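Q: Can you read through this structure? Questions will come right after.
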Amino acid sequence: MANPLVSDRFIDFLLYDVLEAEALCRLPYFSEHSRATFDPWLSACRRVAREVLQPTYKPMDLEPPRFDGGHVFVHPSMRTCWKELVELGVLSASRPIAIGGQQLPLTVATLSHSYLMAGNLSAYGYAGLTTGAAHLIEAFGSDEVKSLFLAAMYEGRWTGTMALTEPQAGSSLADVKSTATPSNGRYLLKGSKIFISGGDHDVTENIVHLVLARIDGAPPGTRGISLFAVPKKRLDAGALVDNDVTIAGVIHKIGWKGLPSVALSLGDDGDCHGWLVGPEHQGLKCMFQMMNEARLMVGANGAATASVAFHESLAYARERKQGRALGVSDAKALPVPLTDHADVRRMLLRQKAIVEGSLALIGLSAKCADLSEHAEDADTRTEAKLLLDLLTPIAKTFPAEKGFEANALSLQIHGGYGYSTEYLPESWLRDQKLNSIHEGTTTIQGLDLLGRKVVAGGGAALMALDRRVREALTLGEAKGIDFGAPLAAGMNELLRVTGTLGAKGASGDVIGMLGHSADFLELASIVAVGWAWMELASRAAGKTDDFSLGLVQTAKYWLATELPRTAHLASLCESNEPSYLELQDAWLG
33 MANPLVSDRF
43 IDFLLYDVLE
53 AEALCRLPYF
63 SEHSRATFDP
73 WLSACRRVAR
83 EVLQPTYKPM
93 DLEPPRFDGG
103 HVFVHPSMRT
113 CWKELVELGV
123 LSASRPIAIG
133 GQQLPLTVAT
143 LSHSYLMAGN
153 LSAYGYAGLT
163 TGAAHLIEAF
173 GSDEVKSLFL
183 AAMYEGRWTG
193 TMALTEPQAG
203 SSLADVKSTA
213 TPSNGRYLLK
223 GSKIFISGGD
233 HDVTENIVHL
243 VLARIDGAPP
253 GTRGISLFAV
263 PKKRLDAGAL
273 VDNDVTIAGV
283 IHKIGWKGLP
293 SVALSLGDDG
303 DCHGWLVGPE
313 HQGLKCMFQM
323 MNEARLMVGA
333 NGAATASVAF
343 HESLAYARER
353 KQGRALGVSD
363 AKALPVPLTD
373 HADVRRMLLR
383 QKAIVEGSLA
393 LIGLSAKCAD
403 LSEHAEDADT
413 RTEAKLLLDL
423 LTPIAKTFPA
433 EKGFEANALS
443 LQIHGGYGYS
453 TEYLPESWLR
463 DQKLNSIHEG
473 TTTIQGLDLL
483 GRKVVAGGGA
493 ALMALDRRVR
503 EALTLGEAKG
513 IDFGAPLAAG
523 MNELLRVTGT
533 LGAKGASGDV
543 IGMLGHSADF
553 LELASIVAVG
563 WAWMELASRA
573 AGKTDDFSLG
583 LVQTAKYWLA
593 TELPRTAHLA
603 SLCESNEPSY
613 LELQDAWLG
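Pasting the structure below:
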């Protein structure tokens, strides 16, 4: 049986029973839609993922992009994938009808795209980056900039990238050194960028880089950064000509091998033209739109990569016969499927909890994005925006970090076969590792969550989460769920420790507040996914089919085994446990 990539029944249940996607159609912005338009879109994404993208995954992993003569050449099958993605309408699925989009709720688009990510995350990466870059231009570009780039990008004739990172700066964008010199209404860019995904290829005729740089005389730090659209080739008298954007090299990655990562050199010959996007010195503020969208996309990629590996290991464990079940001592007894072994079921259950909890968390976050933009009343928009801001670092990090654990369990279930290139789990494990690194490392997400998101507005976002958790617990109790107490206790721990750490920060004790931000992020993630599982279980409770019973059992597992960890994590944060805070470099050997 072919790998389904993602469970159709789970996505349908999540989308319609839990997230109530059809209710979004009562909002004026989505009034042209209904389940009658959502289901065909889901079906189309599933078809392209399974019939087009999935068969290209292994060949693209085995034959990474080639750098020759200053240009990058990708696997030939990528052109077929791109054609299918463009014809499907992926690039503008959630964008307004007025600019050629389908105006789908992000809730629907994101969960539908999870199939494409699971089928071939590299192939989808070209699309996701192009949509994000085009949306930046749509939101902040002048009429001239929109006319130059927008249609070509949404129509798939040109792709897009985000070009932030520089060799000397890494994730520290305050240290960006690329420059932009005003020149006849444009700017001449000069500098270097590194780890630019999709930064060069032979799939489309042009690539538009969204570049962070400093206009001459700009103030230091992040306050002096501006945003520019810098095409690989620029239009000159109706023809595309080179724009002095050169490729200094290709990064030899361990995963995501179908999507080239390159080092860019801008303006070596002084002729790299860029167009300002948004106000001067406000580039990082504008770029945060794409960065936050990308963080949710990375979370969805993490969930999808764990999902395809989970389904691969589940099928293998059901088919592979080995050993005897616990308590069976008869040597003549026939070998049993791996699923008959308790510890294999443990590994499968943990994968299921991580995968489906991650997908639910991504779906809840996407719905917040929809409501924050399109809800009719201001209070709903405000609360949805608060929750979205709070959930974004969690929804980016949990599927990446715990997804890596789930991918490792998939490989483990395959045993020695899993530790070989003939089987796919090792390649998905390699892919997954990037998700905790790009678009803001786990460290950065923890600092953002604790240093900004949970304390903003006097803790308004955290109180909004608390209300959602209490509502889910009340619904679960009404449905007969009797295992919700650990979630309530975990939420209380989160509220309490946030108050303690916030007070330390307010008093000027930055280390006391942020020293254990990674532990705080894990604590908040456990609670947020506990909330997601309570939302799932409360809709499945009382039903007797295997699917529903499986959801309730998995929710019970998560709350029983993970939520108690919140007390320990809270203790580490509050006490500012000093082991690594006091550690000196010389002590490491």
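Residue numbers for the sequence shown, in the working numbering: 33 to 621.
A virtual CB, placed ideally from N, CA and C, is assigned to each residue, including glycine.
On a predicted model such as this, the values are computed, not experimentally measured, just so you know.
Going by DSSP, which residues form a beta bridge with W307?
A: Answer is A261, bridged to W307.
Q: Report yes if the C-beta distance between T162 and L123 is below 8 Å; otherwise report no.
A: For T162 and L123, yes; Cβs fall inside 8 Å.
Q: How is the beta strand (DSSP E) around M92 delimited, first residue to last?
A: No beta strand (DSSP E) holds M92; the alpha helix (DSSP H) holding it covers Q86 to L94.
Q: If you draw a straight line from the C-alpha of L441 to the C-alpha of S603, how long is it?
A: Those two C-alpha atoms are separated by around 29 Å.
Q: Between L533 and W565, what straight-line distance do the alpha-carbon atoms span, to the nearest angstrom?
A: Going from the Cα of L533 to the Cα of W565 covers about 27 Å.
Q: Distance check for K575 and T473, CA to CA, integer angstroms please.
A: Between T473 and K575, the C-alpha separation is close to 41 Å.
Q: Within a Cβ cutoff of 7 Å, which residues of the same chain sit near R255, ignoring the five residues on either side of it in sequence?
A: These residues qualify, in order along the chain: H313.
Q: Exposed or buried, which one is H103 when buried takes at least 16 other CB atoms within 10 Å?
A: Answer is exposed; the Cβ neighbour count stays below 16.
Q: Just confirm the distance between the C-beta atoms of S258 and A206, as a whole number of angstroms; I'd bet it's less than 8 Å.
A: Not confirmed; about 14 Å, so no contact.
Q: So within the segment 126 to 189, which uninterrupted alpha helix (DSSP H) runs reach at least 4 residues, ignoring any that extend past its ends?
A: Counting only runs of 4 or more, we get 138 to 151, 153 to 172 and 175 to 186.
Q: Go ahead and label L244 buried or exposed: buried means 16 or more other beta carbons lie within 10 angstroms of its beta carbon, across all protein chains shown.
A: Classification for L244: buried.
Q: In chain order, what residues of the same chain have a beta carbon less than 7 Å from the beta carbon of A622, not counting five sequence neighbours either side?
A: Residue 622 cannot be examined here, being either before or after the span of the chain that is shown, 33 to 621.
Q: Leaving out five residues on either side along the sequence, give the residues of the same chain with a beta carbon under 8 Å from the beta carbon of I236.
A: In the sequence on display, residue 236 carries Thr and not Ile. Excluding positions up to five away in sequence, the list reads W114, G188, R189, W190 and T191.
Q: From what residue to what residue does the alpha helix (DSSP H) around N524 run?
A: That run of the alpha helix (DSSP H) goes A517 to A538.
Q: Using the Cα positions of A295 and R127, report the straight-line distance between them to the nearest angstrom.
A: Taking the straight line joining both Cα atoms gives about 30 Å.
Q: In whole angstroms, what separates the C-alpha of E503 from that of W563?
A: Looking at the two C-alpha atoms, the distance is approximately 10 Å.
Q: My assumption, with CB atoms under 8 Å, is that L482 sits in contact with S549. Please give the rounded CB distance.
A: Indeed, because the Cβ distance is near 5 Å, the residues count as touching under 8 Å.
Q: If I follow the unbroken alpha helix (DSSP H) through S215, where does it start and stop?
A: From DSSP, S215 is part of no alpha helix (DSSP H) but of the beta strand (DSSP E) over T211 to S215.
Q: Could you give the first and the last residue of the continuous beta strand (DSSP E) run that contains D274?
A: A271 to D274 is the span of the beta strand (DSSP E), which, as asked, contains D274.
Q: Could you compute how far the alpha carbon of N221 sits from the alpha carbon of G310?
A: Strictly speaking, residue 221 in this sequence is Leu, with Asn absent from that position. If I take the Cα positions, the gap works out to 16 Å.
Q: Find out if the Cβ-Cβ distance for the pair S293, I283 is shorter than 8 Å.
A: Yes, the pair counts as a contact, with Cβ atoms nearer than the cut-off.
Q: Which one of M149, Y219 and Q383 has the shortest CA to CA distance from D463?
A: The candidate whose alpha carbon is nearest that of D463 is M149.
Q: Skipping 5 residues on each side, what residues in its chain have a beta carbon closer than 7 Å to that of A599?
A: Correct list, in chain order: E525.
Q: With a threshold of 8 Å on Cβ separation, who are the neighbours of A280 within its own chain once the five nearest residues in sequence on each side are excluded?
A: These residues qualify, in order along the chain: S224, V294, A295, L296 and S297.
Q: Under 8 Å Cβ to Cβ from L272, same chain only, skipping five residues before and after it: list those, please.
A: Counting only Cβ-Cβ distances below 8 Å, and skipping sequence neighbours, we find E237, N238, K265 and R266.
Q: Alpha carbon to alpha carbon, how far is D303 from D175? Give it in angstroms, no decimals.
A: Computed Cα separation, rounded: 23 Å.
Q: Could you give the DSSP three-state label for H446: helix, strand or coil?
A: Coil, per DSSP.
Q: Can you grab the Cα-Cα spacing for the pair L396 / E83, in whole Å?
A: Each residue's Cα considered, the two are about 28 Å apart.
Q: Report the residue from G299, L180 and E170 whose alpha carbon sits nearest the alpha carbon of Y219.
A: Nearest of G299, L180 and E170 to Y219, Cα basis: G299.
Q: Of the choices A130, P96 and R78, whose alpha-carbon is the least far from that of E116?
A: Cα-wise, what sits closest to E116 is R78.
Q: Please return the same chain residues whose Cβ sits closer than 6 Å to the Cβ of T197, not counting the five positions on each side in sequence.
A: Correct list, in chain order: I226 and F227.
Q: Under 8 Å between the Cβ atoms of V561 and F436?
A: No, Cβ-Cβ distance for V561 and F436 is not below 8 Å.
Q: Is it true that the CB of G508 sits closer than 8 Å to the CB of S570?
A: Against a cut-off of 8 Å, the Cβ pair of G508 and S570 comes out as a contact.
Q: Assuming I400 and L380 are in contact, meaning their beta carbons sit under 8 Å apart, how far apart are those beta carbons, in whole angstroms?
A: Note that residue 400 is Cys in the sequence shown, not Ile. Contact doesn't hold; Cβ gap of about 30 Å is too wide.
Q: Comparing C-alpha positions only, which one of R41, K90, P96 and Q86 sits nearest to D71?
A: Taking only the C-alpha atoms, the option nearest D71 is R41.
Q: What's the C-alpha gap between L316 and R327?
A: About 15 Å.
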